Each structure stands twice: as C-alpha cells, then as structure tokens.
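For the record, in the sequence shown the residue sitting at position 14 is 517 according to my numbering, with numbers rising by one throughout. All residues carry an ideal CB built from backbone N, CA and C; glycine is no exception. Note that the structure is a prediction, hence the values are computed from the model and not measured.
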Amino acid sequence: MHDLTAITALGGSVARVDHVGPITLSEQPDWVFASVAARLGQESKCKTALKKLLGAKAPDVGGVCVGKDLTAFWTGPDQWMIEAPFAQNEDIAAQVKSAVGTTASVSEQTDGWCRFDMLGDGVVAVFERLCNVNVAAMATGTATRTVIEHLGCFVICRDAGTHLSVIGPRSSAGSMHHALLTAMRSVW
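Here it is, written out as structure tokens:
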C-alpha cells in the first residue's frame, strides 16, 4: 500500500494563515465542491430537487444559498457550485447526484478548486486592487465571477465589508495566494 499524505492546495500539511494589518488571509482546505448543471428541459425539476437538498431555493444570478449543511452559489444559467464541510460531506458529488437524479449533471470539483478566506476591516480596499468587482456594494450572501491575476475565480461575500471568500483554481493556488497577499501588503 502506498504511504500517501494529504496536503493543502499550497502544499502544506496544515492550512496557511497570513496576517497583514487588520486582515487575515486563510487557506481553507476543509471544504468540498461539486458543480451542478441542469439538463436541457429539466431545469424546473432540477431546481425543485436542489430546493429539497439545500432546504432553500437554489440561488439566482449572483446569489448564495446557505443551507443547514450545504452552501450553493450561482455560477451560470441553471448552474451552481455546492460547497460543504469536508468532514461530513467527503462524497459531496454522490450526495448531490442522489438528490438531483437525472435532472442534472453533477461533477466532483473538490480537487479542481481551492478556497481562501479574507477577513477584517479593510478587505474592500484590498479587493479594489485585485479585481473589477465592487465589493463595497456586495451584500452578505452574494457571489460573482471575476478574474484575479488572470485567473478565473468566484468571490463570495460571507459578511459585507469584512469577510470574503475567493474560490479559484487549485492548480494555481500559489499564484492566487501571492496575488491576495501582495494586495493586502499594498494596503497595510
């Protein structure tokens, strides 16, 4: 048997946490992701199944739905990303596929994406330097797709003005982390 060791997206055995001024940037390795795309002609049934799974309506454009165990954010027309804590949902894609059945295509995304959380007063000033998203206008529970340092990603507003998550490509986690940290240092 192989002797494998799990590592974070940044290659560590534990999540990296950086503090610059009043802002904390933390790698969030303990989250799983699955994408959901409603199949043609099954959009309504897919949304009904997602509502049952999430405990709330699937989010519309720019929206985030925080359920009891799962969170979903809109990624495109009739498409969503589901995120959940790893400990209870290691098989997230199977859980979602079981719920939506043949109404949607579900893909495991955990190893394709990584999450960084930025918390603290001043995150708005940092994001003004990073991307063209008006994070000052983002309300809690909203999400948008953008580009940071030529990397397509999602920005989720967890708490307006003080807590943002960036979901970016895992293969470019080092570049994303560098961009976030550099922007933090340019402010503080």
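>> What does DSSP give as the partner residue(s) for tryptophan 691 in the beta ladder?
In response: Walking along the sequence shown from the start, residue 691 turns up at place 188. According to DSSP, tryptophan 691 bridges with nothing at all.
> So what does DSSP say about alanine 541, is it helix, strand or coil?
Replying inline: Along the sequence shown, one-based indexing puts residue 541 at 38. The answer is strand: DSSP assigns alanine 541 an E or B state.
> For arginine 618, which of helix, strand or coil comes out of DSSP?
Replying inline: By 1-based counting over the sequence shown, the position of residue 618 is 115. Three-state DSSP puts arginine 618 in a strand.
> If you count every other CB in all the chains shown that lies within 10 Å of the CB of aspartate 620, and 16 or more means buried, which is it?
Replying inline: As a first step, residue 620 is located in the sequence shown; it is residue number 117 there, counting from the start. Burial call: buried.
>> Looking at isoleucine 651: is its Cβ nearer than 7 Å to the Cβ of arginine 618?
In response: Taking the first residue of the sequence shown as 1, we reach residue 651 at position 148. Taking the first residue of the sequence shown as 1, we reach residue 618 at position 115. In this structure, arginine 618 does not lie closer than 7 Å to isoleucine 651 by Cβ.
> What are the boundary residues of the alpha helix (DSSP H) that includes asparagine 595?
Replying inline: The residue labelled residue 595 in the question sits at position 92 within the sequence shown. In the sequence as presented, asparagine is not what sits at residue 595; that position holds isoleucine. Unbroken alpha helix (DSSP H) run through isoleucine 595: 595 to 603.
> How would you call proline 580, buried or exposed, if buried means at least 16 neighbouring beta carbons within 10 angstroms?
Replying inline: As a position in the sequence shown, residue 580 is number 77, starting the count at 1. Within 10 angstroms of the beta-carbon of proline 580 lie fewer than 16 other beta-carbons, which makes it exposed.
> Relative to the C-alpha of serine 610, which residue among Leu633, Gly677, Ala541 is closest?
Replying inline: For this step, residue 610 is matched to residue 107 along the sequence shown. Ranking Leu633, Gly677, Ala541 by Cα distance to serine 610 puts Ala541 first.
> Whose C-alpha, out of His681, Ala639, Ala518, is nearest the C-alpha of histidine 653?
Replying inline: Position 150 of the sequence shown, counted from the first residue, corresponds to residue 653. Closest in C-alpha terms to histidine 653, from the list His681, Ala639, Ala518, comes His681.
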